[in-house]
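A.B. asks: Provided herewith is a single structure, encoded as structure tokens, for subsequent inquiry.
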Amino acid sequence: MSQASQHGKWTLSSSDDDNDDPLPSALNNNSPLLFGSPPPDQHTSSDSNLNPPKIASNFHQPKHDPDPPPSIEVKPEPKSDTVTAAPPLSIGSEARQASQASQLKPVKYESNQSRPFLAGKRKKDDDSISGWALSDSDDDDDDKAKGQSSGQKDPPPKRSSPKLKKAKVEERPPSPHGRTYYIDEPDDFFETSVPPVNDTYRFYLNKVTGLEKRYNTGALHIKEILSPLFGTLKESVQFNYCFDIAWMLQQYPPEFRDKPVLIVHGDKREAKARLLQQAQPYSQVRFCQAKLDIAFGTHHTKMMLLWYEEGFRVVILTSNMIRADWYQKTQGLWMSPLYLRLPKGSPETAGESPTLFKRDLLEYLGAYRAPEITDWIQRIREHDLSETRVYLIGSTPGRYLGSDMERWGHLRLRKLLHDHTRPIPNEEKWPVIGQFSSIGSMGVDKTKWLAGEFQRTLTTLGKSSLRPDPPMHLLYDIVTKTAQKQLWLHSYFHRWQAETTGRSHAMPHIKTYMRASPDFTQLAWFLVTSANLSKAAWGALEKNNTQVMVRSYELGVLYVPSAFVSDTTFPVQMDVFPATTSSTSFPVPFDLPPKRYSSKDQPWMWNIPYTQAPDTHGNIWVPS
Numbered sequence: 001m002s003q004a005s006q007h008g009k010w011t012l013s014s015s016d017d018d019n020d021d022p023l024p025s026a027l028n029n030n031s032p033l034l035f036g037s038p039p040p041d042q043h044t045s046s047d048s049n050l051n052p053p054k055i056a057s058n059f060h061q062p063k064h065d066p067d068p069p070p071s072i073e074v075k076p077e078p079k080s081d082t083v084t085a086a087p088p089l090s091i092g093s094e095a096r097q098a099s100q101a102s103q104l105k106p107v108k109y110e111s112n113q114s115r116p117f118l119a120g121k122r123k124k125d126d127d128s129i130s131g132w133a134l135s136d137s138d139d140d141d142d143d144k145a146k147g148q149s150s151g152q153k154d155p156p157p158k159r160s161s162p163k164l165k166k167a168k169v170e171e172r173p174p175s176p177h178g179r180t181y182y183i184d185e186p187d188d189f190f191e192t193s194v195p196p197v198n199d200t201y202r203f204y205l206n207k208v209t210g211l212e213k214r215y216n217t218g219a220l221h222i223k224e225i226l227s228p229l230f231g232t233l234k235e236s237v238q239f240n241y242c243f244d245i246a247w248m249l250q251q252y253p254p255e256f257r258d259k260p261v262l263i264v265h266g267d268k269r270e271a272k273a274r275l276l277q278q279a280q281p282y283s284q285v286r287f288c289q290a291k292l293d294i295a296f297g298t299h300h301t302k303m304m305l306l307w308y309e310e311g312f313r314v315v316i317l318t319s320n321m322i323r324a325d326w327y328q329k330t331q332g333l334w335m336s337p338l339y340l341r342l343p344k345g346s347p348e349t350a351g352e353s354p355t356l357f358k359r360d361l362l363e364y365l366g367a368y369r370a371p372e373i374t375d376w377i378q379r380i381r382e383h384d385l386s387e388t389r390v391y392l393i394g395s396t397p398g399r400y401l402g403s404d405m406e407r408w409g410h411l412r413l414r415k416l417l418h419d420h421t422r423p424i425p426n427e428e429k430w431p432v433i434g435q436f437s438s439i440g441s442m443g444v445d446k447t448k449w450l451a452g453e454f455q456r457t458l459t460t461l462g463k464s465s466l467r468p469d470p471p472m473h474l475l476y477d478i479v480t481k482t483a484q485k486q487l488w489l490h491s492y493f494h495r496w497q498a499e500t501t502g503r504s505h506a507m508p509h510i511k512t513y514m515r516a517s518p519d520f521t522q523l524a525w526f527l528v529t530s531a532n533l534s535k536a537a538w539g540a541l542e543k544n545n546t547q548v549m550v551r552s553y554e555l556g557v558l559y560v561p562s563a564f565v566s567d568t569t570f571p572v573q574m575d576v577f578p579a580t581t582s583s584t585s586f587p588v589p590f591d592l593p594p595k596r597y598s599s600k601d602q603p604w605m606w607n608i609p610y611t612q613a614p615d616t617h618g619n620i621w622v623p624s
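So this is what it looks like as structure tokens:
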């Protein structure tokens, strides 16, 4: 699909296999909160009697098969009324055996709308540290292999058609995330002209497939971010936690695909070896390993540095560099203006913004202590970042004393809220809202960290001496083992609901924190970040509050009213989409006020089987 911009004509290339079976939309799915379905970005492995998969020659063949011929012939699936398949071996837990029985005699789900029934388990995707650990469906193949090795053989199928079909030979390597990973988006999914990037806040949601078009108008996809719509790319850096390098490079347009790319990661040992192996076919890819000297720390920062012929741009986001994070999850990002090059001979202080964004970005990059980033630090010094109106909030691993304690993590956020917000009448009634996709260990009760040092940070407003104890609403639908061990947390939990953005059924991987008025029409501040609710991400005080220890790399941007409007608050935008014009109201990505769990609601827990009833797509859930 050819598209044009001020930087010339360009083509959105597809990295996807046209012949792959399309994924069923997960957006009409009932919430996993009540039905126990996997997150909607996880792909469905359908029952083989209902949807026979197409076979590509580059996919892994079962071990008991002989070497396949160059051309693979696929026989049509037999009709169920003429062939009786051998029952699967009864292995595993009772829940898994019940799952196998339900696949042979699936539960019928009736709805007002006609939907195809797809019974089976979900395939595991790699993800960030969100705690969404899902069952692997590869053991289905193991069951078949064991059945043949023990003498059980399927009866020969009856052909419904003498015509044989040859599988398409793919040139791309098989994805580690499953055969249905590569899919085409609709032709009208991508923007053909520059979206409204000159809006007030430069905060965007990722596009989500399967939504009405109006809910994607003003949202961005990675292909658009990397396209010539925003500049003629010369070189880029991708900071992230999880990578699918082959997929990532396909998101660059063909004319930029061979440009140098630096990948900043935190993988070690076997994980690092696998990452390097992914990049072997691509000479333009280089690596920078982030130092993680404190146990249990991760490189969780998600940022792009894009160097153009026209200038330079920063993108700070919540998505991993894997397709699952750009398909049907709710994600967010901040995209900077195009930073132009400063005149030669400009002083070092030139190009600074009122929010000191340039200084803070250089300090964050310097914390890596990596020679691979040195050239980028110099490039940033040579550009004008003065139009930036957000504050940078980062975390870097280490133990910090004295004034350095306020450089990183939640103490950095506390200082900015102290210096750049103002006290509000009746602020004790203004709730704190936190929305995230993973929870770390925070102690045996709320006083150990959450309602102690972290809540003090989130309730800071200007130089007020008040230490209020306002309501705290935590939006979190998926409960992991860590959350189960901290039952005191459950009283804080609220449901994810995002009708205002059409994303109620697009699993949230975005992380946002804010302070809202009692009627939820005003915001005292708003933060979008990679940081989940954990001490590793935000830092924790030690040694009688004389030092702070941070384990992980994180990055986000803070919006405060004083940098945008003359008032002390932002008005909340009620109808976020379609985003076609700039607005002084802030586009909160979910519905306000948040809804607390009812007495009948239970958070969906990934390690508990749900076999009594399927979700709206007919899927049951049985963890390994």
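In terms of the UniProt record's numbering, the numbers along the sequence shown are unbroken and rise by one, the last being 624.
All C-beta atoms in this analysis are idealised placements derived from N, C-alpha and C, irrespective of residue type, glycine included.
Computed from a predicted model, the values in this text were never measured in an experiment.
With three or more C-beta pairs closer than 8 Å as the rule, is the segment 340-350 touching the segment 259-267?
C.D. replies: No, the segment 259-267 is not in contact with the segment 340-350.
A.B. asks: Which residue wins for smallest C-alpha separation from Leu416, given the options Phe189, Gln455 and Gly462?
C.D. replies: For the purposes of this step, residue 416 is taken as the residue at position 416 of the sequence shown. For Leu416, the nearest C-alpha among the options comes from Gly462.
A.B. asks: Is it true that the segment 535-544 meets the segment 274-282, where meeting means three or more beta-carbon pairs spaced less than 8 Å apart?
C.D. replies: Flag = no, the segment 535-544 and the segment 274-282 do not touch.
A.B. asks: Does the distance from the C-beta atom of Gln238 to that of Met335 stay below 8 Å?
C.D. replies: Position 238 of the sequence shown holds residue 238. Position 335 of the sequence shown holds residue 335. Not closer than 8 Å, so no.
A.B. asks: Determine whether the beta carbon atoms of Ala506 and Lys329 lie at a separation below 8 Å.
C.D. replies: Your numbering for residue 506 matches position 506 in the sequence shown. Your numbering for residue 329 matches position 329 in the sequence shown. Yes, these two residues count as a Cβ contact at 8 Å.
A.B. asks: Report buried or exposed for Asp477, applying the criterion of at least 16 other Cβ atoms within 10 angstroms of its Cβ.
C.D. replies: If you number the sequence shown from 1, residue 477 lands on position 477. Buried: at least 16 other Cβ atoms inside 10 Å.
A.B. asks: Phe357 and Val390: beta carbons closer than 8 Å?
C.D. replies: As a position in the sequence shown, residue 357 is number 357, starting the count at 1. As a position in the sequence shown, residue 390 is number 390, starting the count at 1. Yes, these two residues count as a Cβ contact at 8 Å.
A.B. asks: Using the C-alpha atoms, what's the distance from Asp258 back to Ser534?
C.D. replies: Numbered from 1 along the sequence shown, position 534 holds the residue referred to as residue 534. Numbered from 1 along the sequence shown, position 258 holds the residue referred to as residue 258. Each residue's Cα considered, the two are about 38 Å apart.
A.B. asks: Find the nearest neighbour of Thr421 within the set Ser283, Leu233, Thr569 and Trp488, judged by alpha-carbon distance.
C.D. replies: Locating residue 421 in the sequence shown gives position 421, counting from the first residue. That would be Thr569, whose Cα lies nearest to the Cα of Thr421.
A.B. asks: Considering only the beta carbon of each residue, do Pro337 and Glu387 sit closer than 8 Å?
C.D. replies: What you label residue 337 is simply residue 337 of the sequence shown in a count that begins at 1. What you label residue 387 is simply residue 387 of the sequence shown in a count that begins at 1. Yes.
A.B. asks: Please state if the CB of Gln547 and the CB of Leu401 are separated by a distance shorter than 8 Å.
C.D. replies: Mapped onto the sequence shown, residue 401 falls at position 401. Mapped onto the sequence shown, residue 547 falls at position 547. The answer is yes: Cβ separation under 8 Å.
A.B. asks: With 16 other CB atoms within 10 Å as the buried threshold, where does Asn607 fall?
C.D. replies: One-based indexing of the sequence shown puts residue 607 at position 607. Flag for Asn607 reads exposed.
A.B. asks: So, does the segment 543-558 touch the segment 466-474, judging by three or more C-beta pairs under 8 Å?
C.D. replies: Contact fails: fewer than three Cβ-Cβ distances are below 8 Å.
A.B. asks: Take the Cβ of Asp445 as the centre, count every other Cβ of all protein chains shown within 10 Å, and call the residue buried at 16 or more, exposed below.
C.D. replies: Translated into the one-based positions of the sequence shown, residue 445 becomes position 445. Classification of Asp445: exposed, given that the 10 Å Cβ count is below 16.
A.B. asks: Whose C-alpha, out of His418, Phe312, Arg274 and Asp419, is nearest the C-alpha of Arg341?
C.D. replies: The residue given as residue 341 occupies position 341 in the sequence shown. Cα-wise, what sits closest to Arg341 is Phe312.
A.B. asks: Let me check one thing: in DSSP terms, what residues is Ala219 bridge-paired to?
C.D. replies: Taking the sequence shown and counting its residues from 1, the one referred to as residue 219 is at position 219. Ala219 pairs with Thr217.
A.B. asks: Take every Cβ of the segment 422-440, pair it with every Cβ of the segment 453-462, and state whether three or more of those distances are shorter than 8 Å.
C.D. replies: Cβ pair count under 8 Å is three or more, so yes.
A.B. asks: Can you determine whether any heavy atom of the ligand GDP sits closer than 7 Å to the C-beta of His299, and answer yes or no?
C.D. replies: The ligand content of the structure shown is nil, which means the ligand GDP is not present either.
A.B. asks: Nearest by alpha-carbon distance to Val261: which of Gln250, Pro254, Val572 and Arg286 is it?
C.D. replies: Within the sequence shown, residue 261 is the residue found at index 261, counting from 1. Nearest of Gln250, Pro254, Val572 and Arg286 to Val261, Cα basis: Arg286.
A.B. asks: Could you spell out where the beta strand (DSSP E) holding Arg515 opens and where it closes?
C.D. replies: Here residue 515 corresponds to residue number 515 of the sequence shown, with the count starting at 1. Segment Thr512 to Ala516, the beta strand (DSSP E) holding Arg515.
A.B. asks: Which runs of the beta strand (DSSP E) at least 3 residues long sit entirely within the segment 314-395? Give them in chain order.
C.D. replies: Counting only runs of 3 or more, we get 332-335 and 391-395.
A.B. asks: State the Cα-Cα distance for the pair Leu411 and Leu392, rounded to the nearest angstrom.
C.D. replies: Looking up residue 411 in the sequence shown gives position 411. Looking up residue 392 in the sequence shown gives position 392. About 13 Å.
A.B. asks: On a CA-only basis, which of Glu363, Thr217, Trp307 and Tyr368 is nearest Gln289? Give me that one, please.
C.D. replies: Counting from 1 along the sequence shown, the entry for residue 289 is found at position 289. The option with the nearest alpha carbon to Gln289 is Tyr368.
A.B. asks: Is the segment 572-587 in contact with the segment 199-218, if contact means three or more CB pairs nearer than 8 Å?
C.D. replies: Taking 8 Å as the limit for Cβ pairs, the verdict is that the segment 199-218 does touch the segment 572-587.
A.B. asks: With respect to the alpha helix (DSSP H) encompassing Met248, which residues constitute its N-terminal and C-terminal limits?
C.D. replies: For the purposes of this step, residue 248 is taken as residue 248 along the sequence shown, with counting starting at 1. Met248 -> alpha helix (DSSP H) spans Ile245 to Gln251.
A.B. asks: Measuring alpha carbon to alpha carbon, tell me which of Asn206, Leu226 and Ala370 ends up nearest Thr217.
C.D. replies: Within the sequence shown, residue 217 is the residue found at index 217, counting from 1. For the residues Asn206, Leu226 and Ala370, the minimum Cα distance to Thr217 belongs to Asn206.
A.B. asks: Could you tell me whether the Cβ atoms of Tyr339 and His299 are closer together than 8 Å?
C.D. replies: Along the sequence shown, one-based indexing puts residue 339 at 339. Along the sequence shown, one-based indexing puts residue 299 at 299. Contact flag unset, no.
A.B. asks: Rounded to the nearest angstrom, what separates Leu333 and His494 at their Cα positions?
C.D. replies: The residue you call residue 333 lines up with position 333 of the sequence shown. The residue you call residue 494 lines up with position 494 of the sequence shown. Cα to Cα, Leu333 sits roughly 23 Å from His494.
A.B. asks: Within this structure, are the beta carbons of Ile439 and Leu487 separated by less than 8 Å?
C.D. replies: Indexing the sequence shown from 1 puts residue 439 at position 439. Indexing the sequence shown from 1 puts residue 487 at position 487. No, the pair does not count as a contact, with Cβ atoms beyond the cut-off.
A.B. asks: Rounding to the nearest angstrom, what Cα-Cα distance links Val572 and Gln497 in this structure?
C.D. replies: Looking up residue 572 in the sequence shown gives position 572. Looking up residue 497 in the sequence shown gives position 497. Rounded to the nearest angstrom, the two C-alpha atoms are 16 Å apart.
A.B. asks: Spatial neighbours of Gly443 within its chain, please: C-beta separation below 6 Å, excluding the five flanking residues on both sides.
C.D. replies: For this step, residue 443 is matched to residue 443 along the sequence shown. Taken in chain order, the residues that qualify are Trp449.
A.B. asks: In terms of residues, what are the limits of the alpha helix (DSSP H) holding Trp538?
C.D. replies: To locate residue 538, count along the sequence shown from 1; it is residue 538. Segment Lys535 to Trp538, the alpha helix (DSSP H) holding Trp538.
A.B. asks: Taking its Cβ as the centre, do 16 or more other Cβ atoms sit within 10 Å of Ser283, making it buried, or is it exposed?
C.D. replies: Position 283 of the sequence shown, counted from the first residue, corresponds to residue 283. So Ser283 ends up on the exposed side.
A.B. asks: To which residues does DSSP link Phe454 through a beta bridge?
C.D. replies: Here residue 454 refers to the residue found at position 454 of the sequence shown. In DSSP, Phe454 forms no bridge with anything.
A.B. asks: Using a 10 Å radius around the Cβ and a threshold of 16 neighbouring Cβ atoms, would you call Ser161 buried or exposed?
C.D. replies: Along the sequence shown, read from residue 1 onward, the residue named residue 161 stands at position 161. Because the pLDDT at Ser161 is just 48, under 50, the model does not fix this residue reliably, and the value given afterwards should be weighed accordingly. Burial call: exposed.
A.B. asks: For Gln435, I'd like the list of residues in its chain whose CB is within less than 6 Å of its CB, leaving aside the five on either flank, ordered along the chain.
C.D. replies: Residue mapping note: residue 435 aligns to position 435 of the sequence shown, counting from 1. For Gln435, where only same-chain residues beyond five positions count, the Cβ hits under 6 Å are Leu475 and Thr512.
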